[in-house]
Structures are given as structure tokens and as C-alpha cells.
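If you read the sequences in order, they're chains A and B.
Take the first sequence: its letter number 295 is residue 277 in the working numbering, and every next letter is one higher.
Take the second sequence: its letter number 413 is residue 414 in the working numbering, and every next letter is one higher.
One structure below.
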Amino acid sequence: MTELLQNLIDGLGRGSIYALLALGVAVIFGVMHLLNFAHGELITVSGYAAMWALTSGVSWWLAVPLIIVVSIATSLVIERVAFSRVRGASDFTLLLTSFGVHFVVQAIFLLYVSASVKNFPRPGWVSNTYSIGSLKVEWFDTVVILVTLITLAAVTYLLQRTMFGLSLRAAAADFDTARLMGVNSNNVIRGAFALSGLLAGIAGVFWLMRAGQTQPSAGIDPMLKGVLAALIGGLGSLRGAVLGGFVLGLAEVVLRSQLPDSIASLTEGVVFALIALLFIFRPGGLITVAHAERV
Amino acid sequence: MEKVRDEIDKRVLIVNRSLPNNATWARDHRANGTHNQGDMFMGSHRDSRTRFRIFALMFSIALIAAACGSDAAETGGGESSGGGGGDGAGLDIDAILAADLDNCEEAPTGDPIRVGMAMDFSDVVGFVDIPGSQLNPFVAEKINCTGGINGQPVEVRVAEVGDDAALAAQDLLDWGAHFLVGPPFADFALPILQTTDGEVPMFVAASTEPTLADAEINSFLVTFDDFGMAEAAAQWAWDEGITRAIVFTEGEGIPYTGVNPDAFMAKFTELGGEVVSVQTYVWAADTDFSAQVNEIAGLSENNEIVFSAALAFQVTALRGQLEGQGLDGLTYIGTDAMDATGIQVEDNNEGIAHTPHTSISAGDRIDTLLADYEAANGEALESRSFMALYVDSMFLGIQGILDCGCTDGPGIGEAVANISGFQGLSGEITYAGTNGIPNKDVPINRIVDGEDVLVSTISG
Chain A
-17 MTELLQNLID
-7 GLGRGSIYAL
3 LALGVAVIFG
13 VMHLLNFAHG
23 ELITVSGYAA
33 MWALTSGVSW
43 WLAVPLIIVV
53 SIATSLVIER
63 VAFSRVRGAS
73 DFTLLLTSFG
83 VHFVVQAIFL
93 LYVSASVKNF
103 PRPGWVSNTY
113 SIGSLKVEWF
123 DTVVILVTLI
133 TLAAVTYLLQ
143 RTMFGLSLRA
153 AAADFDTARL
163 MGVNSNNVIR
173 GAFALSGLLA
183 GIAGVFWLMR
193 AGQTQPSAGI
203 DPMLKGVLAA
213 LIGGLGSLRG
223 AVLGGFVLGL
233 AEVVLRSQLP
243 DSIASLTEGV
253 VFALIALLFI
263 FRPGGLITVA
273 HAERV
Chain B
2 MEKVRDEIDK
12 RVLIVNRSLP
22 NNATWARDHR
32 ANGTHNQGDM
42 FMGSHRDSRT
52 RFRIFALMFS
62 IALIAAACGS
72 DAAETGGGES
82 SGGGGGDGAG
92 LDIDAILAAD
102 LDNCEEAPTG
112 DPIRVGMAMD
122 FSDVVGFVDI
132 PGSQLNPFVA
142 EKINCTGGIN
152 GQPVEVRVAE
162 VGDDAALAAQ
172 DLLDWGAHFL
182 VGPPFADFAL
192 PILQTTDGEV
202 PMFVAASTEP
212 TLADAEINSF
222 LVTFDDFGMA
232 EAAAQWAWDE
242 GITRAIVFTE
252 GEGIPYTGVN
262 PDAFMAKFTE
272 LGGEVVSVQT
282 YVWAADTDFS
292 AQVNEIAGLS
302 ENNEIVFSAA
312 LAFQVTALRG
322 QLEGQGLDGL
332 TYIGTDAMDA
342 TGIQVEDNNE
352 GIAHTPHTSI
362 SAGDRIDTLL
372 ADYEAANGEA
382 LESRSFMALY
392 VDSMFLGIQG
402 ILDCGCTDGP
412 GIGEAVANIS
422 GFQGLSGEIT
432 YAGTNGIPNK
442 DVPINRIVDG
452 EDVLVSTISG
């Protein structure tokens, strides 16, 4: 029982990071119908920025805002350089463009930085724990869950209570009509990419704190987790993305601990099989969005 | 042990690459209209002329890229001076390494000895193949600076395998390579071996993959294999008085990430030890081991050896989480992957042991060579202990040529297969009586007071 509770807490911690990543994916999909496979590159770029800063003696306190700022800036640059050129194109073209961005960013670091893993120090408290009865809870999980909840509350406020949020939601519901109603498409799209970058930046902070390294392909894993979580939750649904993140995180941790030893190495495969099952019964994900278009 | 080896040999080994290694970005067409017209979501008429221009431009770029891609870096030839004596007829490694490139002897003028390097520059193994392909041309310069090999210059050509290892190998064969130095993983090494078809020897420089070695087809490892490495780790743990083990694996029989743990467990239990927990993880990806740590916390006696083939940052992440659960009495040992990914510079690395390919000490041959390279090129190579394997690959091929007195591939291969007691930069290498996996001692290094030091050597 103790181990199960421990795993649930760990799963929520992991799921929180996935939720932030998925929310970033969902924001872009809602506005552009773009399933952004370049989303993980925001963490790749911020990872290298963090590496340079941390190995130069900069503390994590300063590295945290740096990671977030670099992530937002990278997101905006990618939008300007790549996606703004294909805005009117088909979903498939957008999808291919996002793959292209993913490979180009990876190749840039491979060619001009290094093929090697680049290490940097993790914050000292990442693995520290505190006790609740027989449970030993990581401070890291606690902080991640709290920050995620605060971030989600702030994003909810932004989306529900501000003109930008209204524009974003309107654009997500029906972009053409929103534009006819006077919504500035450039501002909405750039705002969406900035918000997506902010969410990836916050997720990236925790991802990088845990990883303690970066490499040219560092963005693949967070990208896959974010996209998967968004799909589980229901592509196009912001609430679904958050739900999908938590479900994915919990599934990974709980399954790894509960599966018999003989098939424990297939945990990832079992997770994918369960996702496939989910799509058989709920093709639109956990929360179906009428206008979402599956790609 | 033999049972495990046989089982592995029976398997068809496929190493999945996580990534393609040539970045391509197909930007198939632009949306028309300018950004501030406000209709970028509506306008989709394509200007066929613009599309044609873009297509023509991209086609031209592709042609240029293809042309550049077929150009292989080539060095060698020229320079001057004599060698002779030492480790084999005409190959004096110490004299070669001592060559002063600013003060060379007369340039060798004989037919060149051609060394082909089919290298993988992707992020999967580029961390060793890139510096390896930088160092060997430098060593060739040194050889030529000492007058070459019996008056023959050494030329090195590097061909990146890209997405087509067979094509890269064919390029090198067409050039006239006398032997090849190949990439470490089977997905590229096997197509190269199919291309060479045993006609030219290949040294799989940085590989510990046992299935890649086969003296019958002139394919040779330059270092110990996974079994040698993992068994040495088990022996060291046992010698340290540790009788319980926790092992992390990707799954039984999986090349490298599963084979090393398999071999460790077989040897450790053979010695009398007990494997108390086998945990799974995703190699090169997982840094959150919460589920595994929770399980280990329930069964550990805080005195086990923790073995895995994980990367350095994974081992330190795992260690941090285990220590967070109060398990601070565990001992950690890993494979050459730890060295490859910088265990020396990780935080929280004190006491962690690993099996490097060369335990470098200040002023030894490889240390001096790497310092020479840095002085000559203005920057250090990114990898250190793996570099001796690349240089040894070249020296072993040359030794084969000298031993057989021939330049035909099968003849060189046969001579290499009979090499015994070769004093390479990475240690003593013997192929005679093996199937291409050299008998080599396995160094055990450990981080002690922040320094990566040799603490034991397990006989091969």
C-alpha cells in the first residue's frame, strides 16, 4: 500500500510535467490545427542555454528564468521563421514543417555544438525527500505539482478573463469566424506560440533539473510525451491535455511498478497498447472536441 | 556463461536507431499573401512560377549537398622521415607518437597504405566517431612525418555513413582502402560487412558488440566485448566483498543494454553472489526512476552493488533518488557508456566505478598523443579513452600489412587474425586463437576524491 501511494505521488509529479508539455501542444493545435512535433526543441534549445549558464557558474535561480525566456523566444522564432510561411497550407504541410523544424534544430546542435551528451549540475534538493508517515515524498515532486497547479490556474485566468484569452478561445473554436469578428490573427498566433513557449519553458525547467544533461536529440522524449498526452486528453482540448498528462504520468509509474517482472521491460509498450485501446473506445480522446481534426 | 553467450549468438540482433542522422527540412511551399494582410488562413492560391523557382532552388541545393556529401575528407601522403623496429616489423609506435610535425624527415614516396574510415557522425555515436575520425588523420601525419611505413605513406579517408553505410563503404573500397575502421553499432557495421564481404578487414573501433566480430570475414573488435566488460564488473564487485546485486536492464538479450546485465548476472551468480532485484528502464532516456526506487527501497539491505549499462547522467540521477530514500550504502558500477558520457564531470559521482577502454594516466602514450593533437589543432578532442581504440585500429591494420608483406585484403585479414601480444595504446591485443574479439584486460576505474583513477585490472 505504501509503495502504491508512493508511486501515485511520483506519477502525479511526472504527470505534471507532461501536463505542461501537453498544454503547450494543445494551445498551438487549437489555434493552427498544427500538431507541433517541434515542441520538444524548445527544451533542446533551453537545455543548451542552461548548460552554458550552469557550467559557467550561474546558479539555478538565474538559470530558471533564462530557460523560460529562451523557450519563449525560441517558440516565437520558430513561428516567425517556419510556421508563418505555411499558415495557409494544409494540416499535412504544417505537420511536415514541424518535423522539419525538429530535424533542423537537432542538426544545428549536432553540427555546430557537439554530438556528445553535455552534463550540467542538478540542483542539490532534487532528490531530497520528506516523510509523511511511512511515505518518503520527493521535494521535487511536491514543487512540480504545486508549480503546475499554479501555472494551470494562471493559464485558466489568462484564457477566461483576458481579451487575449477570449481571442485565443474564439480562434480555437472557429478561426475564420473569429477573424471576421475582428480578432487579429497575427497577435493570436504569436500569443499562442509565446504561451506554448512559456509552458514548455516551465516544463523544461523541471525536465532539465531531473535530467542534468542535454544533447541534440534531447527534445524527442518531451515532445513525444507532450503529443501523446495531448492525444490522450483529446486533441484541441486544453483541459483534456492536462488530464492526458496526468493520466500518462500515472500510467507510466504505476504500470512499471505493478507489471510482473517478466514483462516489466515492456512498460512503454503496455502504455501504448492502453492508449490504442482508449482510442478504440474514445477515438477523440478523453475529452472530445468537435472541431478537432485528427492527423 | 557459455549458455548465455550461445543464446545471444542465436538472436538476430537489430539495434534500433532512435534518430535518422541527416537533417532534412522539406519546406514544400509557402502560403501566399503577406503577413499583415490578415488573410494568411484564407489565401491558398499558389503561384506556379514561384513554386517552380523554389523547387529549382531546392533541387540545386540538394545537388550541391549531394556533391559535398560525396567528398570524403582525405589526409595523409607527403611529409617525411623514417620509423622501423619496435612492436612489429617496421612499426615503431613510440617513434611515430614522438614525431615532431614541425621537423619531419623526407616524405615517403612509395605506394600509399590506405586507411578507410566509415564513420557515423550522428548523435548516436558521433561522440566517438567524430573525434576518432579527427585523430587518425593526425596520427597518419605523424607516421608520414617519420618517413612512413617502410617508405610508404599512410593516407586516411573518412566517409560519413549517413543513411547508407554500404555506399560509404563502397566509396572507400573504390578508393582502394586496404582496411576499414567502422562504426560501433550493428545497424551500420553490418551493411559495411556485407559490402566488404570479407575482402577487406574491418576494425569496429569503439564497439563491444560480440556479434560484430568474426575473423572468418575479417571483422575484428579492438576492445573487450560486452561479456568481458560485464564479467569484469561482476568480478570486481565480488572482489570488493559485495555479495548482493541490483541490476538495471532494458530486457534480456537486447544488444548492449540487456546483454551486459545478462552477462553480469550470470557471472555474479556463478561467483556465488545473489541478484536481489532486476529493474527495467529506458536506456539513454529515463532520468526519473521513482517506480524502481520505490521497489528497491522495500528490499535493499543498503549494501548492494548496482550494475547497469546506463549512461552517466542516468546513473547519477538514479543514485540521487536512491540516496533520497536513505539508501546511501550502495556501490555503483557501469560499463564503457559511463565513460563515454562523462561520468568524470558529473555531480554526485564520487565512488562510482566503471570499465573504460583505456585508463589514461598523465604522460602515458595516449595522454601524450591527445595533448599533441590539442597543441597542433588548438582544441582538445571530445572523447579521450575511446580514442586509443581508433588509433589502435589503424596500427593493427598496418601491422597486418607488415606481417603478411602484402596489400590484398584477405592476406591482411589473415595476418591480423594471427596477431599476438600487440602493444597498442589501449593495451595488449591478441587475436590469435580468437574469433576477432581480442583478449584484453579490463580496467576498472573509480571516482576517488573527484579523480577518475584506476583501481583494479581484471584479466581478460
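Backbone N, C-alpha and C fix where the C-beta goes; we use that ideal spot for every residue, glycine too.
Within-7 angstroms CB hit, Ser57 (chain A) to chain B: False, the Cβ-Cβ gap to chain B never drops below 7 angstroms.
Start-to-end residues for the alpha helix (DSSP H) that takes in Ala170 (chain B): Looking at the DSSP string, the run of the alpha helix (DSSP H) that includes Ala170 (chain B) is 166 to 176.
Going by alpha carbons, who is nearest to Thr111 (chain A) out of A:Pro103, A:Thr124, A:Lys100? Of the listed residues, the one whose Cα sits closest to Thr111 (chain A) is A:Thr124.
At a Cβ threshold of 7 angstroms, is Leu92 (chain A) touching chain B? At least one chain B Cβ lies under 7 angstroms of Leu92 (chain A).
Counting only C-beta atoms, is Asp(-8) (chain A) closer than 7 angstroms to chain B at any point? Closer than 7 angstroms to some Cβ of chain B, the Cβ of Asp(-8) (chain A) qualifies, so yes.
Which partner residues does Leu181 (chain A) have in the DSSP bridge list? DSSP lists no bridge partner for Leu181 (chain A).
If you reduce the DSSP assignment to three classes, tell me which class Gln203 (chain B) lands in. The question names Gln, but residue 203 (chain B) is Met in the sequence shown. Looking at Met203 (chain B) - three-state DSSP - the assignment turns out to be strand.
Would you be able to state if there are at least three C-beta pairs under 8 angstroms between the segment 166 to 179 of chain A and the segment 43 to 57 of chain A? The segment 43 to 57 of chain A vs the segment 166 to 179 of chain A: in contact.
I need the boundaries of the beta strand (DSSP E) containing Arg221 (chain A), first residue and last residue. Run containing Arg221 (chain A): none in the beta strand (DSSP E); it sits in the alpha helix (DSSP H), 220 to 240.
Applying the 10 Å Cβ sphere with the 16-neighbour rule, what's the burial state of Trp43 (chain A)? With a 10 Å radius around the Cβ and a threshold of 16 neighbouring Cβ atoms, Trp43 (chain A) comes out exposed.
Using a C-beta cutoff of 7 angstroms, does Glu(-15) (chain A) count as contacting chain B? Yes, Glu(-15) (chain A) lies at the interface with chain B (some Cβ there is under 7 angstroms from its Cβ).
If I follow the unbroken alpha helix (DSSP H) through Asp73 (chain A), where does it start and stop? Counting along the chain, the unbroken alpha helix (DSSP H) around Asp73 (chain A) starts and ends at 73 to 94.
Gly267 (chain A) CB to nearest chain B CB: under 7 angstroms? Chain B, which has no Cβ nearer than 7 angstroms to the Cβ of Gly267 (chain A), makes this no.
Using a cut-off of 8 angstroms between C-beta atoms, extract the partners of Asn295 (chain B) located in chain A. Per Cβ cutoff of 8 angstroms: Glu(-15), Gln(-12), Asn(-11), Asp(-8), Ser239.
C-alpha distance - Gly177 (chain B) paired with Val9 (chain A), whole-angstrom precision: Going by the C-alpha atoms only, they are around 56 angstroms apart.
Should Met191 (chain A) be labelled buried (16 or more other beta-carbon atoms within 10 Å of its own) or exposed? It counts as buried.
Delimiting residues of the beta strand (DSSP E) encompassing Val449 (chain B): Element bounds for Val449 (chain B): 443 to 449.
Is it buried or exposed for Ser(-2) (chain A), if we count other Cβ within 10 angstroms and need 16 for buried? So Ser(-2) (chain A) counts as buried.
Given that a residue counts as buried once 16 or more other Cβ atoms are within 10 Å of its Cβ, and exposed if not, what is Gly379 (chain B)? Burial state of Gly379 (chain B) is exposed, judged by a 10 Å Cβ sphere holding fewer than 16 other Cβ atoms.
Cβ pair Phe269 (chain B), Ala246 (chain B) closer than 7 angstroms: Going by C-beta atoms, Phe269 (chain B) is nearer than 7 angstroms to Ala246 (chain B).
Inter-residue CB distance, Ala64 (chain A) and Val83 (chain A) (contact presumed, cutoff 8 angstroms): Rounded, the Cβ-Cβ distance is 5 angstroms, consistent with contact.
Within 10 Å of its beta-carbon, does Ile448 (chain B) have 16 or more other beta-carbons around it, so buried, or fewer, so exposed? In the assembly as shown, Ile448 (chain B) is a buried residue. Its beta-carbon has 16 or more other beta-carbons within 10 Å.
Can you tell me the Cα-Cα spacing of Ala1 (chain A) and Thr138 (chain A), whole angstroms? When rounded, the distance between both Cα atoms is 14 angstroms.
Just tell me which of B:Ala418, B:Lys441, B:Asp409 has its CA closest to the CA of His179 (chain B). Measuring C-alpha to C-alpha distances from His179 (chain B) to each of B:Ala418, B:Lys441, B:Asp409 identifies B:Asp409 as the nearest.
Applying the criterion that 16 or more other CB atoms from any shown protein chain within 10 Å of the CB defines a buried residue, is Ile269 (chain A) buried or exposed? By the neighbour-count rule (16 or more Cβ atoms within 10 Å), Ile269 (chain A) is buried.
Cα-Cα, which of B:Phe139, B:Thr359, B:Leu181, B:Glu253 is closest to Ser457 (chain B)? Considering only alpha carbons, the answer is B:Thr359.
Any C-beta of chain A under 7 angstroms from that of Ala190 (chain B): No Cβ of chain A is located within less than 7 angstroms of the beta carbon of Ala190 (chain B).
Inter-stretch contact at 8 angstroms, needing at least 3 Cβ pairs: the segment 195 to 202 of chain A / the segment 251 to 269 of chain A: The segment 195 to 202 of chain A is not in contact with the segment 251 to 269 of chain A.
Our contact map puts Thr147 (chain B) next to Ile97 (chain B) with C-beta atoms below 8 angstroms; I'd like the distance itself, whole angstroms only. Distance from Thr147 (chain B) to Ile97 (chain B) at the Cβ level is roughly 6 angstroms; contact confirmed, criterion being Cβ atoms closer than 8 angstroms.
7 angstroms Cβ cutoff, Thr342 (chain B) in contact with chain A: Chain A has a Cβ within less than 7 angstroms of the Cβ of Thr342 (chain B).
Contact criterion: CB-CB distance below 7 angstroms. Does Ile55 (chain B) meet it with respect to chain A? Residue placement at Ile55 (chain B) is flagged as unreliable, the pLDDT there being 46, under the threshold of 50; a coordinate-derived value is accordingly withheld.
Is there contact between the segment 226 to 240 of chain B and the segment 438 to 445 of chain B, where contact requires at least three CB pairs shorter than 8 angstroms? They touch, by the three-pair rule.
Cβ-based neighbour list, Thr75 (chain A), same chain, cut-off 6 angstroms, excluding 5 preceding and 5 following: Hits under 6 angstroms: Val68.
Phe228 (chain B) lies in the alpha helix (DSSP H); which residues open and close that run? Counting along the chain, the alpha helix (DSSP H) containing Phe228 (chain B) begins and ends at 227 to 240.
Exposed unless 16 or more other CB atoms sit within 10 angstroms - verdict on Asn446 (chain B): That one is buried.
Roughly how many whole angstroms lie between the Cα atoms of Ala381 (chain B) and Ala310 (chain B)? Roughly 27 angstroms separates the two Cα atoms.
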